[in-house]
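J.:
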Amino acid sequence: MKAGNLLRALLAACLVVVSSVGCVGRPTLSSSAPGTKVSDNASTTQPLASTGIVTDFAEVARQSGPAVVNISAAQGTHAANMTPLWPPAANEHDPFVQFFRQFSPNQSSRGALPSGTPGSGFIISPDGYILTDARVVAGAAQIRVKLTDRREFKTSIVGIDAPSNVALLKIDAHNLPAVKIGVPSNAKVGQWVVSIGSPYGFENSVTAGIISNKARLVPDETYIPLLQTDLTLNAGDSGGPLFDLNGEVIGIDAPVHRTFEGLSFAIPIDAAMRIERQLQLHGKVEHGRLSVTIQEVSAPLARSFGMTKPVGALVSSTDKDGPSAKAGLRAGDVILQLNDITINDAAQLPMAVADLRPSATVRVEFWRDQRIHDASVVLGTMQGVSLVSDTSAQTTVGTFGLTVRGLTSEERRKAGVGGGVRVEQSAGPAALAGIEPGDIISRVDNTAVSNAAQLREKLSNAGSSVALLVQRDGHPIFVAIDLG
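Okay, here's the thing in structure tokens:
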């Protein structure tokens, strides 16, 4: 009996030991039930994963801020003496007045501070070379640069390149902090960027945003495709640097026409540095010119030209006395290659041409009549379309929704065209394509039309997709009409 009890006791003890060992050896779970307290030791064994969200731009500002400068460009006129509305007139030493004066615009007791354009810039070399937007300093009689250490310098203009909107300045100083130059092509859409500038004169102000587009061609601004961001830029930010999160400059903040208010743009720094080198060597930049007006090739336009995909730069007009026209190029040609540069979209062509010098001979491959042609063009120097018909009664092309008539002599003169028809009514496919009353149609695909009868004939044989060269407000553009 005693022996049996002893045996049972030993078996029970063994079960307790085995059970205890099993509990201790079980791995600790990374999560626990709500309300369960997790020991400090357990919590430190699992490091927190990074969220990947950037919330701190302090390092970029700390490292790069000292190389950003505040620019005051005086136009050579004196500011009028003005009595401030606030603070009210009182004793100059009144503490109340002194307190509020710090929030009022700076007043000169001499009344001789020159008015001018506020802006920003950045030091690219320790010996005092500074890049900025050309519009900050254009026409300035006097320029002053203020550093973050409060030193101010009279500044000389090394050179201004208006087509690219890049200006190079120089101050007489040495051992200056300089920015690091980055590579814009490495940037990605959606990537964080940081701008440092002087909005309304508040120097070294930092703002952040993301890249919205890497190659935005903005009409009438510059030939260079711009970086587009969602940064908030104000007066005085123009010419400041755009940094990536490595603290490297990838662009120069550049204002554009107020049509694009709410959007921010920057000149890619690689293009700006090519301009800078020429300005430093020669004080100016010479740009080649094809003397053509171009536009993107849309999918409907590509189909109408018999192309397998929408690539290249579509010529919508040529200067009749320009180098392209002399080489045989004409409206409707699609430029596919310039020397060894493949032109995948229209934004590439202006910069590729502008980087070449005038009088250079280039080989141009282009699409016409459903096959590739080539021509040798001797480039001109960075400069327009003119082409002479009787008026006819209105003609309606019902399938396309167009009602047109011939042009009067006065209309041809004002539009600068030698032929074409005026749109009187636009409906159906034509209206959907964007053609409006008052537009002038001068070409169907690659064939010029000088009267309404010709247009009707050409459209009748055009099939389901056709490209029309339309003049509106003096600007030529191809429009594709797709009946399919």
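The sequence shown: position 20 = 35 (the working numbering), numbered continuously. By construction, the Cβ of each residue, glycine as well, lies at the ideal position given by its N, Cα and C atoms.
I350 and F320: beta carbons closer than 7 Å?
T.: For the purposes of this step, residue 350 is identified with residue 335 of the sequence shown, where counting begins at 1. For the purposes of this step, residue 320 is identified with residue 305 of the sequence shown, where counting begins at 1. No, the Cβ-Cβ distance between I350 and F320 is not below 7 Å.
J.: Using only the alpha-carbon positions, how far apart do R458 and V464 sit?
T.: Locating residue 458 in the sequence shown gives position 443, counting from the first residue. Locating residue 464 in the sequence shown gives position 449, counting from the first residue. Computed Cα separation, rounded: 5 Å.
J.: Check whether the stretch 283-290 and the stretch 195-210 are in contact - that is, three or more C-beta pairs closer than 8 Å.
T.: The stretch 283-290 is in contact with the stretch 195-210.
J.: Considering Cα atoms alone, identify which of V307, D245, T308 is closest to G277.
T.: Position 262 of the sequence shown holds residue 277. G277 has its Cα closest to that of D245, out of V307, D245, T308.
J.: Using three-state DSSP, classify A442 as helix, strand or coil.
T.: The residue given as residue 442 occupies position 427 in the sequence shown. In this structure, A442 counts as coil in the three-state DSSP scheme.
J.: When you compare only the Cα positions, how much space is there between R159 and P81?
T.: Position 144 of the sequence shown, counting from 1, holds the residue named residue 159. Position 66 of the sequence shown, counting from 1, holds the residue named residue 81. Between R159 and P81, the C-alpha separation is close to 17 Å.
J.: Roughly how far, in whole angstroms, is the beta-carbon of I492 from the beta-carbon of V485, given that I think they are within contact range, below 8 Å?
T.: By one-based count along the sequence shown, residue 492 stands at place 477. By one-based count along the sequence shown, residue 485 stands at place 470. With 8 Å as the limit, I492 and V485 qualify as a contact, their Cβ atoms being about 6 Å apart.
J.: Give me whichever residues DSSP pairs with Q146 in a beta bridge.
T.: As a first step, residue 146 must be located in the sequence shown, where it is residue number 131. Correcting the residue type first, residue 146 is Leu in the shown sequence and not Gln. Looking at the DSSP assignment, L146 forms a beta bridge with F137, L183.
J.: Would you kindly work out how many angstroms separate the C-alpha atoms of P365 and S339, rounded to a whole number?
T.: Stepping through the sequence shown from its first residue, residue 365 is reached at position 350. Stepping through the sequence shown from its first residue, residue 339 is reached at position 324. Rounded to whole angstroms, P365 to S339 spans 14 Å at the Cα level.
J.: Inspect the beta-carbon positions of P256 and L191 and report whether they are closer than 7 Å.
T.: Residue numbering aside, residue 256 sits at position 241 when the sequence shown is read from its first letter. Residue numbering aside, residue 191 sits at position 176 when the sequence shown is read from its first letter. Cβ distance not < 7 Å, so P256 and L191 don't count as in contact.
J.: Which value, in whole angstroms, describes the spacing of the CA atoms of S391 and E236?
T.: Against the sequence shown, residue 391 aligns to sequence position 376. Against the sequence shown, residue 236 aligns to sequence position 221. In a straight line, the C-alpha of S391 is about 28 Å away from that of E236.
J.: Who are D176's beta bridge partners in DSSP?
T.: Sequence index remark: in the sequence shown, residue 176 carries index 161 (1-based). DSSP output for D176 lists V181 as bridge partner(s).
J.: Under 7 Å between the Cβ atoms of F542 and L241?
T.: One cannot answer for residue 542 here, as it falls past the ends of the chain, which runs 16 to 499.
J.: Taking 6 Å as the limit between beta carbons, can you name the residues of its chain near H397, skipping five residues before and five after?
T.: Here residue 397 refers to the residue found at position 382 when the sequence shown is read from its first residue. For the record, residue 397 in the displayed sequence is Met; it is not His. Taken in chain order, the residues that qualify are P178, H302, R304.
J.: What does a CB cutoff of less than 7 Å around A445 pick up in its chain, not counting 5 residues either side in sequence?
T.: Counting from one through the sequence shown, the residue named residue 445 turns up at place 430. Answer for A445: F415, G416, L417, I496, listed in chain order.
J.: When the Cα of S332 is compared with those of D71, A73, L483, which residue comes out closest?
T.: On the sequence shown, residue 332 is found 317 positions in, with the first residue counted as 1. Closest by alpha carbon: L483.
J.: Could you compute how far the alpha carbon of S210 sits from the alpha carbon of D384?
T.: Within the sequence shown, numbered from 1, the residue matching residue 210 stands at position 195. Within the sequence shown, numbered from 1, the residue matching residue 384 stands at position 369. Roughly 48 Å separates the two Cα atoms.
J.: Tell me which same chain residues have a C-beta within less than 6 Å of the C-beta of S123, skipping the five on either side of it?
T.: Position 108 of the sequence shown holds residue 123. Note on S123: pLDDT 39, under 50, position unreliable in the model; the coordinate value appears next. Nothing listed; no residue qualifies.
J.: According to DSSP, what are the bridge partners of F275?
T.: As a position in the sequence shown, residue 275 is number 260, starting the count at 1. DSSP, once it has assigned bridges, lists no residue as partnering F275.
J.: Within its chain, find whatever has a CB closer than 8 Å to the CB of F217; leave out the 5 residues flanking it on each side and keep chain order.
T.: As a first step, residue 217 must be located in the sequence shown, where it is residue number 202. For F217, where only same-chain residues beyond five positions count, the Cβ hits under 8 Å are G251.
J.: Can you tell me where the beta strand (DSSP E) with P256 in it begins and where it stops?
T.: One-based indexing of the sequence shown puts residue 256 at position 241. Residues 256-258.
J.: If you reduce the DSSP assignment to three classes, tell me which class E301 lands in.
T.: Taking the sequence shown and counting its residues from 1, one reaches residue 301 at position 286. It is coil, neither helix nor strand.
J.: Taking the runs of the beta strand (DSSP E) that are 3 residues or longer, which of them lie wholly in the stretch 317-350?
T.: DSSP runs (the beta strand (DSSP E)) wholly in the stretch 317-350: 328-333.
J.: Taking G254 and T147 to be in contact with their CB atoms under 8 Å, please state how far apart those CB atoms are, rounded to whole angstroms.
T.: Along the sequence shown, read from residue 1 onward, the residue named residue 254 stands at position 239. Along the sequence shown, read from residue 1 onward, the residue named residue 147 stands at position 132. At roughly 3 Å, the Cβ-Cβ gap stays under 8 Å, so G254 and T147 are in contact.
J.: Please report the straight-line C-alpha distance between V438 and P315, rounded to a whole angstrom.
T.: Walking along the sequence shown from the start, residue 438 turns up at place 423. Walking along the sequence shown from the start, residue 315 turns up at place 300. Their Cα atoms are separated by approximately 21 Å.
J.: With H, G and I counted as helix, E and B as strand and the rest as coil, what does DSSP make of R428?
T.: Against the sequence shown, residue 428 aligns to sequence position 413. Looking at R428 - three-state DSSP - the assignment turns out to be helix.
J.: Below 7 Å between beta carbons: does that hold for I356 and A328?
T.: Against the sequence shown, residue 356 aligns to sequence position 341. Against the sequence shown, residue 328 aligns to sequence position 313. Result no, Cβ atoms of I356 and A328 do not sit closer than 7 Å.
J.: What three-state label does DSSP hand K161 in the structure shown?
T.: As a first step, residue 161 must be located in the sequence shown, where it is residue number 146. DSSP places K161 in strand when its eight states are reduced to three.
J.: Within 10 angstroms of its Cβ, does D296 collect 16 or more other Cβ (buried), or is it exposed?
T.: Taking the sequence shown and counting its residues from 1, one reaches residue 296 at position 281. The question names Asp, but residue 296 is Leu in the sequence shown. Flag for L296 reads exposed.
J.: To the nearest angstrom, report how far apart I186 and A155 are at their CA atoms.
T.: One-based indexing of the sequence shown puts residue 186 at position 171. One-based indexing of the sequence shown puts residue 155 at position 140. Whole-angstrom Cα-Cα distance: 16 Å.
J.: Apart from the five residues just before and just after G337, which ones in its own chain have a Cβ nearer than 7 Å to its Cβ?
T.: For this step, residue 337 is matched to residue 322 along the sequence shown. Once the five neighbours on either side are set aside, the close Cβ partners of G337 are S306, G395.
J.: For the beta strand (DSSP E) containing L422, name the first residue and the last one.
T.: For the purposes of this step, residue 422 is taken as residue 407 along the sequence shown, with counting starting at 1. No beta strand (DSSP E) contains L422, which DSSP labels as neither H nor E.
J.: Would you call the CB atoms of L184 and G174 closer than 7 Å?
T.: To locate residue 184, count along the sequence shown from 1; it is residue 169. To locate residue 174, count along the sequence shown from 1; it is residue 159. No. Outside cutoff.
J.: Considering only residues of the same chain and omitting the five flanking positions on each side of I443, which have a CB-CB separation below 6 Å?
T.: Position 428 of the sequence shown, counted from the first residue, corresponds to residue 443. It should be pointed out that residue 443 corresponds to Gly in this sequence rather than to Ile. The answer, listed in chain order, is G416.
J.: Quick one, which of D460, E74, N354, V419 has its alpha-carbon nearest G453's?
T.: Mapped onto the sequence shown, residue 453 falls at position 438. If we check each option's Cα against that of G453, V419 comes out closest.
J.: Can you tell me where the alpha helix (DSSP H) holding K229 begins and where it ends?
T.: Numbered from 1 along the sequence shown, position 214 holds the residue referred to as residue 229. K229 -> not in any alpha helix (DSSP H); beta strand (DSSP E) instead, spanning 220-231.
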